Amino acid sequence: MATTIRNPLLDIRRIYVEPAATELPRGQEILARYPDADRVEIESHHRIPELYGDEANVARWVRIKTEALVLGIKKSLTARPNGRSADFIAPSTANGCAMACAYCYVPRRKGYSNPITVFANIDKILGYVERHASRQGIKPEPNQVDPHAWVYDIGENSDCSVDATVSDNVRDLVDLFARLPNAKASFATKYVNRDLLDWNPRGGTRVRFSLMPQADSKLLDIRTSPIAARIEAINDFVAAGYEIHVNFSPVVVRDGWLEDWSTLLTHLDDTLSPEAKAQLAAEVIFLTHNDRLHEVNLGWHPKAEEVLWRPDLQQAKRSETGGWNVRYRTGHKGRYVTALTDLIGDRLPYCHIRYAF
Numbered sequence: 138m139a140t141t142i143r144n145p146l147l148d149i150r151r152i153y154v155e156p157a158a159t160e161l162p163r164g165q166e167i168l169a170r171y172p173d174a175d176r177v178e179i180e181s182h183h184r185i186p187e188l189y190g191d192e193a194n195v196a197r198w199v200r201i202k203t204e205a206l207v208l209g210i211k212k213s214l215t216a217r218p219n220g221r222s223a224d225f226i227a228p229s230t231a232n233g234c235a236m237a238c239a240y241c242y243v244p245r246r247k248g249y250s251n252p253i254t255v256f257a258n259i260d261k262i263l264g265y266v267e268r269h270a271s272r273q274g275i276k277p278e279p280n281q282v283d284p285h286a287w288v289y290d291i292g293e294n295s296d297c298s299v300d301a302t303v304s305d306n307v308r309d310l311v312d313l314f315a316r317l318p319n320a321k322a323s324f325a326t327k328y329v330n331r332d333l334l335d336w337n338p339r340g341g342t343r344v345r346f347s348l349m350p351q352a353d354s355k356l357l358d359i360r361t362s363p364i365a366a367r368i369e370a371i372n373d374f375v376a377a378g379y380e381i382h383v384n385f386s387p388v389v390v391r392d393g394w395l396e397d398w399s400t401l402l403t404h405l406d407d408t409l410s411p412e413a414k415a416q417l418a419a420e421v422i423f424l425t426h427n428d429r430l431h432e433v434n435l436g437w438h439p440k441a442e443e444v445l446w447r448p449d450l451q452q453a454k455r456s457e458t459g460g461w462n463v464r465y466r467t468g469h470k471g472r473y474v475t476a477l478t479d480l481i482g483d484r485l486p487y488c489h490i491r492y493a494f
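Each position in the sequence shown, counted from 1, maps to that position plus 137 in the working numbering.
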């Protein structure tokens with residue numbers, strides 16, 4: 138029987154379960170980790186009225202993330218081409234998150250609550266990914282994603298460091314990519330899970346620690362590891378066999394923003410080991426916000442919207458789902474990007490910027 142894992146972000150009291158998930162070994166392991174939790178049978182992990190789409194849940198935003206878990210089956214297995222953070226987006230082994238970052242796009246899709254959903258059919262997901270990577274063969278030429286390996290993002294809609302406290306799905310993926318000769322896993326994280334240091338990635342997994350000035354993180358990165366803890370973890374993860382990049386994301390423009398980024402970059406440079414510096418690369422991503430998420434945030438964390446929702450600095454564009462996405466205004470944004478990338482080049486001359494937008 139699986140052991141109960143302690144996680145300060147989670148106090149699972151109710152598990153919403155697709156019956157088919159309980160028939161699989163991984164589903165049984167997850168249920169065994171939370172023996173005291175109430176179980177609610179559901180038809181589909183996509184359709185849970187009391188979790189998704191109910192405006193009343195705004196007032197219970199963090200409580201739901203803490204106490205609810207969804208256990209389901211991943212039915213659609215595809216690897217979507219990407220080209221930015223990865224060559225492909227792997228089929229997810231989880232979605233949703235126990236953390237509550239005010240700028241996260243996932244709530245736009247799931248409604249007013251997005252606790253962790255974990256998928257029990259890990260064997261099928263692993264098999265699909267391995268076959269897909271095998272079909273790619275050797276990468277024919279370098280690109281901005283990676284010079285040699287096909288890179289698969291395994292955490293597009295979740296944080297794998299937190300997911301690893303719920304099930305062994307992430308460890309199974311890290312083990313898979315440790316032995317694939319032509320492919321590499323990648324995921325971004327805002328949570329330092331030092332249990333991952335006991336694994337053996339053998340260079341087959343790229344962890345992208347998301348960083349921003351501490352003042353922004355304190356306001357926007359709710360329930361995440363402190364920025365200093367993320368930076369301090371980098372050397373240990375490199376020593377453990379992970380490739381470590383950083384995501385400077387999201388970059389929020391406000392009074393004093395560039396000075397605070399200068400302080401962050403100096404801290405990073407002072408902390409990194411020579412080995413960490415030698416393999417460092419970065420993604421730079423400026424804030425994109427959304428009118429629907431803005432309305433949600435006003436119900437539980439309005440203070441964040443004072444810096445996220447800036448009509449004086451932003452312009453709107455209709456999203457694919459019918460809402461409005463807002464980004465920093467054309468022309469002005471280009472100057473912001475140049476100012477920050479020039480600063481990175483000055484403070485971290487060894488850090489390759491893979492892309493910035």
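Here a beta-carbon is modelled for each residue, glycine too, at the ideal position from N, C-alpha and C. All figures in this text were calculated on a predicted structure; none of them were measured in a lab.
What runs of the beta strand (DSSP E), each 3 residues or longer, lie entirely inside the segment 139 to 191?
151 to 154, 175 to 178
Roughly how many angstroms lie between the CA atoms of T141 and E457, to the nearest whole one?
Low confidence applies to T141: its pLDDT is 44, below 50, so where it sits in the model is not reliable enough to give any reading.
Would you check if the segment 224 to 231 and the segment 348 to 365 touch, i.e. whether three or more CB-CB distances between them fall below 8 Å?
no
So within the segment 374 to 435, which uninterrupted beta strand (DSSP E) runs reach at least 3 residues, ignoring any that extend past its ends?
380 to 388, 418 to 423, 425 to 427
Using 8 Å as the threshold, is the segment 181 to 191 in touch with the segment 312 to 327, meaning 3 or more CB pairs across them?
no
Whole angstroms are fine: how far does the CA of L450 sit from the CA of F314?
42 Å
In chain order, what residues of the same chain lie with their CB nearer than 8 Å to the CB of H133, ignoring the 5 residues before and after it?
The structure shown does not extend to residue 133, since the chain is modelled only from 138 through 494, so no value can be given for it.
Selected residue, minimal CA-CA separation from G164, among G209, A441, L147, V199
G209
Ranges of the alpha helix (DSSP H) found wholly within the segment 208 to 277, counting only runs of at least 4
243 to 247, 259 to 273
Can you list, in chain order, the residues of its chain with a C-beta nearer than 7 Å to that of N219? Leave out the 5 residues immediately preceding and following it.
F225, I226, D290
Let me know the secondary structure DSSP gives V282 once reduced to three states.
coil
So K327 is in the alpha helix (DSSP H); what residue range does that whole segment cover?
Premise fails: K327 is in no alpha helix (DSSP H) and is neither H nor E.
Continuous alpha helix (DSSP H) stretch holding W336: start and end
Per DSSP, W336 belongs to no alpha helix (DSSP H) and is neither H nor E.
Using CA coordinates, which residue listed in R150, L395, L161, D358 is at the minimum distance from E442?
D358
What is the rounded straight-line gap between the Cα of G471 and the Cα of F423?
10 Å
Beta strand (DSSP E) segment containing K454, residue limits
451 to 455
Backbone CA spacing between L401 and I368 [nearest angstrom]:
10 Å
With a threshold of 8 Å on Cβ separation, who are the neighbours of D175 within its own chain once the five nearest residues in sequence on each side are excluded?
R150, R151, I152
From G482 to Y473, what distance separates their C-alpha atoms?
14 Å
My output table needs one value for Y487: the three-state DSSP class, helix, strand or coil.
coil
Quick check: the segment 384 to 391 against the segment 253 to 261, are there 3 or more CB pairs under 8 Å?
no
Backbone CA spacing between R316 and V266 [nearest angstrom]:
13 Å
Alpha carbons only, please: which of M236, Y379, Y492, R491 is nearest the one belonging to I201?
M236
Between A270, L485, E155, which lies nearest to L405 when the distance is taken from Cα to Cα?
L485
Count the other CB atoms within 10 Å of the CB of D407; is the residue buried (16 or more) or exposed (fewer)?
exposed
Pull up the CB-CB distance for L395 and A476, whole angstroms please, since I reckon it's below 8 Å.
6 Å
Measure the Cβ-Cβ separation of A418 and C488 and say whether it is below 9 Å.
yes
Buried or exposed by the 16-neighbour rule on C-beta atoms within 10 Å, applied to K327
buried
Can you tell which of D300, V375, A370, A365 has the C-alpha that lies nearest to the C-alpha of N337?
V375
Looking at C-alpha atoms only, which residue of T467, D479, L146, D335 is the closest neighbour of D300?
L146
Mapping DSSP to helix, strand and coil, what is A476?
helix
Could you tell me how far apart the beta carbons of V195 and V433 are, in whole angstroms, since I believe they sit closer than 8 Å?
6 Å
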